[in-house]
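Protein chains in written order, with my numbering: chain A, 61 to 199; chain B, 2 to 570.
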């Protein structure tokens, strides 16, 4: 279940810098960060892609699987946002209560104050002695 | 963005206590995400998430004003107040809570809205930014406040019940689709989902499918407001998303129009999810990931014209396995027909099945090693060579030996872009004219001939018997390139050494006699190639290649110039 930040962490380790935008294209980012970096001799396709796929698999063992073809020109993953989207798993067996939104506390936008005077007092049965009646069968 | 960074730097050095007089843009770029599927999410009638596309936000607190739009006019939503805050530090999404005094739900189904962020130009913004500390040379990443006033940002959004269908990934292309709705989906019964393919004549072909939610569904029948559930996996973009998988078949055409019915959104509105999807990417992507095809033609006075084909296909297949290895089947061919002045081609066909992985060292000298073990089968066009080998190859990527034109262009671009007045500079390969590099490889080939063979001369019955033999070779290789605009010069030197004696069967020039020749020791081979790109991308080029030396398994001695068309991906 990778969050945006977790995916950005992987990309930062992969390229050496954190992309400032989610719409940043991965190939462009790899090339842009290449000069003077530890990947100046590695081309995006296939080296950069292979390294990224490996890092993603280590960081997120169970997301929908991605392979090198997904990052190539005709694949579906072009930007950081595309990558986050592609890594999202489905909800396997959601507990219904957790998924369905509960009525909001906003319902009490107009708070109701309960007056002490209007509060109904619970009647207490009294015995002849003035003490509250005990629960249970009367003898 | 660059204007924003400039303002940030100025505000930092001037001291954040002094506000800017001219309003600066909010660090929220909704234009870059507007055309995509992740621009915003309506999560409840009172909660809207907005994608700012910015990964450096630490705090984003302001107010918002809601408008209902009809055509070009907009009307303020009376009595509605909006509060804005960042969903999470470092996350690009901001959450906008809309409240209306004395009422409940604010947003209604099927309407167009606009929302103004920081309508009073006030906001509390903090971002992570690279800055120079006094007395230090290197940039330090630290949290900085942004001083206002800020320009009011107007963002349009809709509660109309539409959704986009997109393929999930290449491995499931044609069978698994993701649905993106900007309005959170209701907790409807997933079994009622139908998936249809719509033909050009608007006929619907239904496919059996199963559906699953990606994001948390929101059941919120009007007019009651609801609390927004936490986003699934801590990602606001998961709201409004589900995944549909075809269970019995898959779409195989290049493009298709697909529709998914049975979806309702949080307003209990039926969602129209229909899109054109491109599905033709799979074979192209897998097959051309590493493709090299060269068609050469040879002709000369008094000689029968000849042709030669060089091909190399080596796609990486499937997800990584243990150790990050991926399958890499490959085919290397250098064959031809006809001869010009008795000059022949290498005549080699080598299919192989291997795995490959790249190991990075995070170093600026030895940046990475690519390790490729494979089983290969060496043969020739006539099929009279049959060597089975274990082929182990190592490629060493040394940073200072590589300075490609692309990397040089990015280096020059980054320098130019950092200068004042170049904020809107766009990258182009033309920022560098030339590039050069050296690639180092070391390989070994170990195995042997599968069987003894009787090899006959091509133009007589003259025959020799080739016994079985062992193969033990070491194969260092140095490959260099120099590129100047569309012109590319490559030199490849392969000083192979044979530790075991192998056998070649060279023919006489008239093809009538054949000899058995033992081959061992130093067997060098080299190629020099000059190519001129015919397209801007450099995938197709006109090329001239000079080849000298001999290659296994035929050890045909070549000294040849070939000219042709090269297709390289």
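We put the CB at the ideal spot given by N, CA and C, even for glycine. Since the model is a prediction, treat every value here as computed from it, not as a measurement.
Step through the CB atoms of chain B and report whether any lies within less than 8 Å of the CB of residue 119/A. Walking along the first chain from the start, residue 119/A turns up at place 59. No, its Cβ sits nowhere closer than 8 Å to a Cβ of chain B.
Spell out whether any CB of chain B is found under 8 Å from the CB atom of residue 70/A. As a working note, residue 70/A is residue 10 in the first chain. Chain B contact via Cβ: absent.
Proximity winner among 202/B, 109/B, 398/B, relative to residue 575/B (alpha-carbon distances): Any answer about residue 575/B is impossible in this case: the structure gives chain B only from 2 up to 570.
Can you have a look at residue 50/B and say buried or exposed, based on whether 16 or more other CB atoms are within 10 angstroms of its CB? The residue you call residue 50/B lines up with position 49 of the second chain. Buried, because 16 or more other Cβ atoms sit within 10 Å of the Cβ of residue 50/B.
At what residues does the beta strand (DSSP E) containing residue 77/B begin and finish? Here the question's residue 77/B lines up with position 76 in the second chain. Counting along the chain, the beta strand (DSSP E) containing residue 77/B begins and ends at 74-77.
Alpha carbons only, please: which of 467/B, 67/B, 59/B, 72/B is nearest the one belonging to residue 142/B? The count along the second chain starts at 1 and reaches residue 142/B at position 141. Ranking 467/B, 67/B, 59/B, 72/B by Cα distance to residue 142/B puts 59/B first.
Going by C-alpha distance, which of 480/B, 485/B, 500/B is nearest residue 493/B? Here residue 493/B corresponds to residue number 492 of the second chain, with the count starting at 1. Residue 480/B is the option with its Cα nearest to residue 493/B.
Around the Cβ of residue 322/B, are there at least 16 other Cβ atoms within 10 angstroms (buried) or fewer (exposed)? Your numbering for residue 322/B matches position 321 in the second chain. Label assigned to residue 322/B: exposed.
Please give the ranges of any beta strand (DSSP E) in the stretch 478-526 of chain B, keeping only runs that are unbroken, at least 3 residues long and fully inside the region. 488-505
Given that a residue counts as buried once 16 or more other Cβ atoms are within 10 Å of its Cβ, and exposed if not, what is residue 427/B? Within the second chain, numbered from 1, the residue matching residue 427/B stands at position 426. Exposed, by the Cβ-count rule.
Separation of residue 441/B from residue 477/B, as counted between CA atoms: Taking the second chain and counting its residues from 1, one reaches residue 477/B at position 476. Taking the second chain and counting its residues from 1, one reaches residue 441/B at position 440. One C-alpha to the other measures close to 8 Å.
Please report the residue range of the alpha helix (DSSP H) in which residue 133/A lies. Position 73 of the first chain, counted from the start, is the residue given in the question as residue 133/A. Taken as a continuous stretch (DSSP letters only), residue 133/A belongs to no alpha helix (DSSP H), as it is neither H nor E.
Endpoints, the beta strand (DSSP E) within which residue 101/B is located: Working through the second chain from its first residue, we reach residue 101/B at position 100. Segment 94-101, the beta strand (DSSP E) holding residue 101/B.
Give the residues of chain A in contact with residue 172/B, contact being defined as C-beta atoms less than 7 Å apart. Working through the second chain from its first residue, we reach residue 172/B at position 171. By Cβ distance, chain A contributes 125, 127.
Whole angstroms are fine: how far does the CA of residue 255/B sit from the CA of residue 245/B? Here residue 245/B is taken as the residue at index 244 of the second chain, counted from 1. Here residue 255/B is taken as the residue at index 254 of the second chain, counted from 1. Their Cα atoms are separated by approximately 19 Å.
Counting Cβ pairs closer than 8 Å, one from the stretch 416-423 of chain B and one from the stretch 456-474 of chain B, do we hit at least three? no
For the stretch 150-174 of chain B, list every residue whose C-beta sits within 9 Å of some C-beta in chain A, in sequence order. 167, 168, 169, 170, 171, 172, 173, 174
For residue 73/A, collect the residues of the same chain with a Cβ closer than 8 Å to its Cβ; drop the 5 residues on either side in sequence, then sort them by chain order. Position 13 of the first chain, counted from the first residue, corresponds to residue 73/A. 115, listed in sequence order.
I need the DSSP call for residue 88/B, collapsed to helix, strand or coil. Taking the second chain and counting its residues from 1, the one referred to as residue 88/B is at position 87. Looking at residue 88/B - three-state DSSP - the assignment turns out to be coil, as it is neither helix nor strand.
C-beta neighbour in chain A for residue 320/B, strict 8 Å: Numbered from 1 along the second chain, position 319 holds the residue referred to as residue 320/B. With 8 Å as the cut-off, residue 320/B counts as an interface residue toward chain A.
Do the stretch 117-134 of chain B and the stretch 53-72 of chain B meet, that is, are 3 or more Cβ pairs less than 8 Å apart? yes
Whose C-alpha, out of 353/B, 394/B, 386/B, is nearest the C-alpha of residue 359/B? Within the second chain, numbered from 1, the residue matching residue 359/B stands at position 358. Residue 394/B is the option with its Cα nearest to residue 359/B.
Can you have a look at residue 190/B and say buried or exposed, based on whether 16 or more other CB atoms are within 10 angstroms of its CB? For the purposes of this step, residue 190/B is identified with residue 189 of the second chain, where counting begins at 1. With fewer than 16 other Cβ atoms within 10 Å, it is exposed.
Could you tell me the alpha carbon to alpha carbon distance between residue 410/B and residue 375/B, rounded to whole angstroms? Here residue 410/B refers to the residue found at position 409 when the second chain is read from its first residue. Here residue 375/B refers to the residue found at position 374 when the second chain is read from its first residue. Distance between the alpha carbons of residue 410/B and residue 375/B is about 36 Å.
Using 8 Å as the limit for Cβ to Cβ distance, is residue 64/A near chain B? Looking up residue 64/A in the first chain gives position 4. It does; some Cβ of chain B falls within 8 Å.
Is the CB of residue 474/B under 8 Å away from at least one CB in chain A? The residue labelled residue 474/B in the question sits at position 473 within the second chain. So no, residue 474/B is outside the interface.
Write down the C-beta distance between residue 187/B and residue 219/B rounded to the nearest angstrom, noting that I regard them as a contact closer than 8 Å. Indexing the second chain from 1 puts residue 187/B at position 186. Indexing the second chain from 1 puts residue 219/B at position 218. Sure, about 7 Å apart at Cβ, within 8 Å.
From the DSSP output, read off the bridge partner residues of residue 186/B. Looking up residue 186/B in the second chain gives position 185. In the DSSP output, where bridge partners are listed per residue, residue 186/B has 266/B.
With DSSP as the reference, identify every bridge partner of residue 47/B, one or two as the case may be. On the second chain, position 46 is the one that residue 47/B refers to. BP columns for residue 47/B are empty, so no partner.
Whole beta strand (DSSP E) runs in the stretch 365-453 of chain B with 3 or more residues, listed along the chain? 367-379, 388-399, 435-450
Between residue 425/B and residue 47/B, what straight-line distance do the alpha-carbon atoms span, to the nearest angstrom? What you label residue 425/B is simply residue 424 of the second chain in a count that begins at 1. What you label residue 47/B is simply residue 46 of the second chain in a count that begins at 1. If I take the Cα positions, the gap works out to 38 Å.
For the stretch 71-100 of chain A, enumerate the residues whose C-beta is nearer than 7 Å to any C-beta of chain B, in chain order. 78, 79, 80, 81, 82, 83, 91, 92, 94, 95, 98, 99, 100
Using a threshold of 8 Å, state whether the C-beta atoms of residue 108/A and residue 400/B are closer than that. Locating residue 108/A in the first chain gives position 48, where the first residue counts as 1. Locating residue 400/B in the second chain gives position 399, where the first residue counts as 1. Contact: no.
Nearest candidate by alpha-carbon position, reference residue 92/B, set 76/B, 74/B, 56/B: Within the second chain, numbered from 1, the residue matching residue 92/B stands at position 91. Comparing Cα-Cα distances from residue 92/B to each of 76/B, 74/B, 56/B, the minimum goes to 56/B.
Does any residue of chain B have a CB that is nearer than 8 Å to the CB of residue 164/A? Residue numbering aside, residue 164/A sits at position 104 when the first chain is read from its first letter. Unreliable positioning characterises residue 164/A in this predicted model, as indicated by a pLDDT of 40, which lies under 50. The coordinate reading is nonetheless provided below. Chain B, which has a Cβ nearer than 8 Å to the Cβ of residue 164/A, makes this yes.
Look up residue 134/B in the DSSP assignment and say whether it is helix, strand or coil. Within the second chain, residue 134/B is the residue found at index 133, counting from 1. In this structure, residue 134/B counts as coil in the three-state DSSP scheme.
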